[in-house]
Every structure is written in C-alpha cells, then in structure tokens.
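Participant:
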Amino acid sequence: MLHGEDFSRVPIERVSEELGRRINLWRLSRQIKMADMAEEMGVSRPTLQRLLEGGNTSTETLLRALRALGLIGNLDVLVPDISSSPIARLEGGPPLSERKRVASRQEPKSGEAWVWGDEEDSE
Numbered sequence: 001m002l003h004g005e006d007f008s009r010v011p012i013e014r015v016s017e018e019l020g021r022r023i024n025l026w027r028l029s030r031q032i033k034m035a036d037m038a039e040e041m042g043v044s045r046p047t048l049q050r051l052l053e054g055g056n057t058s059t060e061t062l063l064r065a066l067r068a069l070g071l072i073g074n075l076d077v078l079v080p081d082i083s084s085s086p087i088a089r090l091e092g093g094p095p096l097s098e099r100k101r102v103a104s105r106q107e108p109k110s111g112e113a114w115v116w117g118d119e120e121d122s123e
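Residue numbers (UniProt numbering): 1 to 123.
1. Helix, strand or coil for E53? Go by DSSP, reduced to three states.
2. Roughly how far, in whole angstroms, is the beta-carbon of A68 from the beta-carbon of M41, given that I think they are within contact range, below 8 Å?
3. Please determine, among T57, P86 and L19, the residue with the shortest C-alpha to C-alpha distance to L71.
4. What's the C-alpha gap between R50 and I87?
5. For the alpha helix (DSSP H) containing I12, list its first residue and its last residue.
6. Take R27 as the anchor and find which of S58, V77, L52 and L78 has the nearest alpha-carbon.
7. With burial defined as no fewer than 16 other Cβ atoms inside 10 Å of the residue's Cβ, what is the status of N24: buried or exposed?
8. For L90, count neighbouring C-beta atoms within 10 Å of its own C-beta (all shown protein chains included) and say buried if the count is 16 or more, exposed if not.
9. Go through its chain and collect everything with a Cβ distance to S8's Cβ below 7 Å, but skip five positions before and after it.
10. May I ask you to report which of helix, strand or coil DSSP gives P46?
11. Would you mind sorting T57 into buried or exposed? The rule is 16 or more other CB atoms within 10 Å of its CB.
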C-alpha cells in the first residue's frame, strides 16, 4: 500500500497498481459486483479487471470507472484547473484559456535548399 507515500518517487507501474487497488476498494465498499460495474461502465469484464490490477488501460476506462463509483467529481483534486489562477489574476495577464500558442517555425520543404540568410548573392 502506498498511502501517504511520495508518489513522485514510485515507479509508474506501482502507482497504477495502487490506483487499481483503490478503485477496487471503492467498488467493494459499495458492494458492486464486477459484472455490474463493467456493464455500468460500458466495458468488458476483462477490461475492468485489467484496470483493477493496475494494467494498461485507456484514460476513458479510468474515467468511466470513476463515474460508475460516483468519484468523477474528485477529478478537480487530481488535476486542479489553473486556467484562472490567483497569480495570473494578480499579474494582470490574460487567463491561460485565452493565451495563444506561439507559431511554429516553418521548416524548408525537402526540395528547397536551406541557407543561413547572411550570405550575399554571388551574381
């Protein structure tokens, strides 16, 4: 069990196993059968089993499990919304949701020769 442990130093596989263990404990505490939970989630029983064992599953499977257990509302605790952080408001900058991406540099097409740009024409 990893309760209270610093998850930043734990291998991802162990964190995944712990997540599966916790989801399974919530399922058991609510007395939900695996077949019933899988049906509620809209996934197969083996997919749910893989999640509960800490195996490789999709984010969607995880979210479906959280919703089936009534835990989806805790998503804000896992990944807080910083789109309008107090620091951004104090600094007077635009909310993160209004910021624009920096345009990427255009690479020369494969047929075009690339030059430094500081050479003069030799004509």
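Here a beta-carbon is modelled for each residue, glycine too, at the ideal position from N, C-alpha and C.
Facilitator: Straight from the coordinates:
1. coil
2. 5 Å
3. L19
4. 41 Å
5. I12 to S29
6. L52
7. buried
8. exposed
9. none
10. helix
11. buried
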